[in-house]
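There are 2 protein chains.
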Amino acid sequence: MFQRLRGTRDFYPEEMTARNKVFKIIRETAERHGFVEVVSPAIESFDLIAKKSGEDIKEEIYAFKDKGGRMICLIPEFTPSVSRMIANRQKELGKPLKWYSIPRHWRYERPQSGRLREFYQLNVDIFGSESPKADTEVLSVGICIMLNLGLKDFLFHISNRKFLQGLLQEYNVSNIQEAFRIIDKRDKIPEEEFVDGLLKCGIKDYDEILDILDSVTIENIGDFRGRNELMDKAIDNLIDIFRYLEYYGVREHCVLDLSIVRGLAYYTDMVFEVYDKKKEMRSLFGGGRYDDLVESFGGEHTPAVGFGMGDVVLELMMKKEGVWPEEKTDMDYYIANIGDVDRYVFFIAKKLRNKGYRVTFDLMERNLSNQLKYADKINAKKVIIVGEKEIKEGKILIRDMETGKQEKIDVNKI
Amino acid sequence: MFQRLRGTRDFYPEEMTARNKVFKIIRETAERHGFVEVVSPAIESFDLIAKKSGEDIKEEIYAFKDKGGRMICLIPEFTPSVSRMIANRQKELGKPLKWYSIPRHWRYERPQSGRLREFYQLNVDIFGSESPKADTEVLSVGICIMLNLGLKDFLFHISNRKFLQGLLQEYNVSNIQEAFRIIDKRDKIPEEEFVDGLLKCGIKDYDEILDILDSVTIENIGDFRGRNELMDKAIDNLIDIFRYLEYYGVREHCVLDLSIVRGLAYYTDMVFEVYDKKKEMRSLFGGGRYDDLVESFGGEHTPAVGFGMGDVVLELMMKKEGVWPEEKTDMDYYIANIGDVDRYVFFIAKKLRNKGYRVTFDLMERNLSNQLKYADKINAKKVIIVGEKEIKEGKILIRDMETGKQEKIDVNKI
């Protein structure tokens, strides 16, 4: 028997019911925050995707030659496509743009808990604004999505890359990109390897640096003002963001965490990652500001800030916290028949559907008892019984499947 | 500058607004007819797709080796995947199943009006029922989708393959599959080629056969009863379907058209294609019954009937009839600021969003006049103006952008 490919999923109706509820909450929250939906193709030229993807992602791309000999690929992330969309129409598009999208992405990696080869990802971005208010809007929509989904065990760890960059300059660290890469891996690699990596980047006083990263809070970060321009910029930005988060009433879900770097190389300023409160699990999702990216795709200089949130980890989190919706379909009406009453069954179905109800009826020539069993299986809220005898008097029975209450009504009063 | 691949589309927010409205109507209509949503992967093993796809489709598949050396492809149609899904869980699934899905499909063909390389397709299917009521439900949901989208210029041309099959047997035609293929192409190839093709299949009396196909109506099809079992089955089935369509009140949108064959080889009984009333354009979409397919994918024998409706032709039709929704985004509230009132802007935004409104505010440090221009550009229905002076008295201004009416209200009364 044929099987689906490893790392892909089939969603049967029961699962779709739950997923549609979750996606609806996500969409509504994004739209209330003033974001509008965009959709890009699932396939793009390999050059576009390879241009800025991190090395990790590049190795995992589903890439191939199409019949015309072009090297194309399934999109492994949204950023290249959305940057291209902006560059393609920059003249007509206003500022700022608040865009969201929930495309599918594909990455050829080993399927494991929280990682699949095909997944959905919510992408939320603001283009055209340098203001920390834009950073705050992006953080807020992320926080409100978590809250609206019923999640409680999460904390947004927020930093600004320029702080670490400036700090490393203070200590005369030569290879800052490599230092970022190592510091990003801190929780994922053995301490020995970590220290070794730092030393290789020329970080001798790593204890001092790590101490700063670990101990600075939003309350005392101001003490580091005046060291250099990069750090000052980062400090002002972070203080602004935390003030706005306070104004928006979501400050309690955030913490300053200067050790946050984000693996991908294109972030320029604010970066964040979301963890469970005890930081026991891997990062749930993250994002940040990437002011130079659109330009690198051929557009004008366009400040940008956003995040991507995958559905696989989200589902795991929601199930862990017991807030994943029940996987169960239902139906407003099932119309059962006794005898030759087809004309009325179709008539009643049409009438109820026109009123907006979801309606189905027997397609199996079953007897009444088996029809009722099926109605029960599909969780019909109400069953209408159309009998040969009753219909002659213009009557039908309506049974409420929850209360068991049954009443006889005029067929024209439906 | 990077461009999207030929035959793919970018959907910017304005276009998405229209598309989301159209897709919502499609979903709601399907769900009211008792269909529930399923989703399958976008990638499948090549063997699965190649097994039953028509030759035309097979040549157009985006197929490639993944990094594990498996031959996989982007799905060019939904039927193989959904058949696999049923076969994979047949034991647990009840009968009948009424499923719909709106996946993306990919076909490498020459992009032209109505045909793209990446497109969405509504797939609606009923599995497990042999009843002509199931055929009728599938036709009805198709008709109601067209009507609910505001379309008027369409007619469902309905046939049953077994009628033509039986008729060709009567005339001792040897190669019935080839005869089907030629008759399916009747409107698309020159008459000479058509007649030539018929002769090659051993159809000498093609005039007689074509006369029957062209002249028989649902009213007189009963006259052909008693010739052979296949024709009798088809006649009973078609008469039942048209009676049910009458009961459901959608008979006027249908016509018997025995020349309808459908290119794909897997249809077994009822087939239909939708045309504009004058049949000037190519078929808009079509479907039919395919009782043997699930079994051929390793499942139990599972009668099935359904259709696929692509979004490209649908959009063309709707635009032609002037019923494509306006491509325009809007916003419930834009909050403008004068002076240092950030605290209140965030507070008001949060409050309105919590009530379900879509809200945005200035992220560009613009002056009031430019803020109002932006509010106008994004079609804000209402603008709230938060001024330094007014807010000291706890007041804000609300301006209705349609009526121009403006009122000062208490900030706490939002």
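Chain order of the listed sequences is A and B. Okay, so the first sequence: first residue is 1 according to this note's numbering, each after it adds one. Okay, so the second sequence: first residue is 1 according to this note's numbering, each after it adds one. Backbone N, C-alpha and C define an ideal beta-carbon position, used for all residues, glycine too.
Residue from the options whose Cα sits closest to the Cα of residue i
i	options	result
Gln121 (chain B)	B:Phe78, B:Val82, B:Leu147, B:Glu92	B:Phe78
Ser259 (chain A)	A:Phe242, A:Asp214, A:Met309	A:Asp214
Ile414 (chain B)	B:Leu314, B:Arg243, B:Lys377, B:Ala349	B:Ala349
Pro41 (chain A)	B:Gly7, B:Val274, B:Lys58, B:Gly249	B:Gly7
Val255 (chain B)	B:Asp276, B:Phe23, B:Gly387	B:Asp276
Lys98 (chain B)	B:Asn160, B:Arg115, B:Lys51, B:Ala30	B:Ala30
Ala63 (chain A)	B:Ile72, B:Ile57, B:Lys58, B:Glu60	B:Ile72
Glu388 (chain B)	B:Asp342, B:Glu92, B:Arg19, B:Phe156	B:Asp342
Leu74 (chain A)	A:Asp340, A:Gln90, A:Phe35, A:His105	A:His105
Asp311 (chain A)	A:Tyr244, A:Gly394, A:Arg19, A:Glu137	A:Arg19
Asp10 (chain B)	A:Tyr247, A:Gly222, A:Tyr12, A:Pro80	A:Pro80
Gln169 (chain A)	A:Ile239, A:Tyr374, A:Ile209, A:Phe361	A:Ile209
Gly69 (chain A)	A:Val250, A:Ile61, A:Phe46	A:Phe46
Val39 (chain A)	B:Glu15, B:Glu365, B:Thr136	B:Glu15
Lys95 (chain A)	A:Glu118, A:Ile126, A:Ile102	A:Ile126
Asp91 (chain B)	B:Leu352, B:Gly299, B:Leu198	For the sequence presented, residue 91 (chain B) should be read as Lys rather than Asp. Measuring from the Cα of Lys91 (chain B), the nearest candidate turns out to be B:Gly299.
Glu390 (chain A)	A:Glu407, A:Ala380, A:Ser101, A:Ile145	A:Glu407
Ile145 (chain B)	B:Phe285, B:Ile61, B:Lys200	B:Phe285
Val274 (chain A)	A:Leu363, A:Leu151, A:Asn237	A:Leu151
Proximity test, Cβ basis, 8 Å: residue i and chain A
i	result
Arg358 (chain B)	yes
Ser45 (chain B)	yes
Thr8 (chain B)	yes
Pro111 (chain B)	no
Ala42 (chain B)	yes
Glu137 (chain B)	yes
Met270 (chain B)	no
Lys350 (chain B)	yes
Phe78 (chain B)	no
Contact list for residue i against chain B, beta-carbon separation under 8 Å
i	result
Asn20 (chain A)	Glu37
Ala134 (chain A)	Leu363
Met146 (chain A)	What Met146 (chain A) touches in chain B: nothing, since even the nearest Cβ is about 15 Å away.
Lys377 (chain A)	Gly94
Arg353 (chain A)	Arg32, His33, Cys144
Arg104 (chain A)	Ala42
Closer than 9 Å at the beta carbon, the chain A residues around residue i
i	result
Trp324 (chain B)	Those within 9 Å of Trp324 (chain B) in chain A number zero; the least Cβ separation is about 17 Å.
Asp342 (chain B)	Lys133, Arg243, Tyr244, Tyr247
Partner residues on chain A for residue i, Cβ-Cβ distance less than 8 Å
i	result
Met364 (chain B)	Lys95, Pro96, Gly128, Ser129, Ser131
Glu31 (chain B)	Arg358
Proximal chain B residues relative to residue i, where beta-carbon distance stays under 9 Å
i	result
Ala307 (chain A)	Going by the sequence as given, residue 307 (chain A) is Phe instead of Ala. What Phe307 (chain A) touches in chain B: nothing, since even the nearest Cβ is about 16 Å away.
Glu118 (chain A)	Pro41, Ala42, Ile43
Proximal chain B residues relative to residue i, where beta-carbon distance stays under 7 Å
i	result
Gly34 (chain A)	Met331, Arg358, Val359, Thr360
Glu300 (chain A)	Those do not exist, as Glu300 (chain A) stays about 11 Å from chain B at its closest Cβ, beyond 7 Å.
Leu149 (chain A)	The premise fails here: Leu149 (chain A) is roughly 15 Å from chain B at the closest Cβ pair, so nothing lies under 7 Å.
Cutoff 8 Å: residue i Cβ touching any chain B Cβ
i	result
Met401 (chain A)	no
Ala336 (chain A)	no
Asn88 (chain A)	yes
Met317 (chain A)	no
Ser369 (chain A)	no
Leu213 (chain A)	no
Arg289 (chain A)	no
Lys52 (chain A)	no
Pro13 (chain A)	yes
Leu256 (chain A)	no
Met281 (chain A)	no
8 Å contact criterion, which residue i and residue j should meet: CB distance rounded
i	j	result
Phe194 (chain A)	Arg186 (chain A)	6 Å
Phe297 (chain A)	Ser83 (chain A)	4 Å
Asp269 (chain A)	Lys162 (chain A)	6 Å
Glu306 (chain B)	Asn123 (chain B)	According to the sequence as given, residue 306 (chain B) is Gly; it is not Glu. About 7 Å separates the two Cβ atoms, so the contact holds.
Tyr267 (chain A)	Lys133 (chain A)	That belief does not hold up - the Cβ atoms of Tyr267 (chain A) and Lys133 (chain A) are roughly 19 Å apart, past 8 Å.
Ile338 (chain B)	Ile385 (chain B)	7 Å
Contact set between residue i and chain A, taken where Cβ atoms lie within less than 7 Å
i	result
Ile72 (chain B)	Leu5
Phe346 (chain B)	Tyr244, Tyr247, Tyr248
Leu314 (chain B)	Result: empty, since nearest Cβ-Cβ is about 16 Å, beyond 7 Å.
Leu199 (chain B)	Result: empty, since nearest Cβ-Cβ is about 35 Å, beyond 7 Å.
Any non-hydrogen atom of the ligand SAM within 7 Å of residue i CB
i	result
His105 (chain B)	No copy of the ligand SAM occurs in the structure displayed, which carries no ligand at all.
Could you list the residues in the stretch 226-251 of chain A with a C-beta less than 7 Å from some C-beta on chain B, going in chain order?
Tyr244, Tyr247, Tyr248, Gly249
Got a sec: which bits of the stretch 381-399 of chain A sit with their beta carbon under 8 Å from any beta carbon on chain B, in order along the chain?
none
Listed in chain order, which residues of the stretch 56-68 of chain B have Cβ atoms closer than 7 Å to some Cβ of chain A?
Tyr62, Phe64, Asp66, Lys67
Beta carbons nearer than 8 Å to chain A: which residues of the stretch 151-183 of chain B have them?
none
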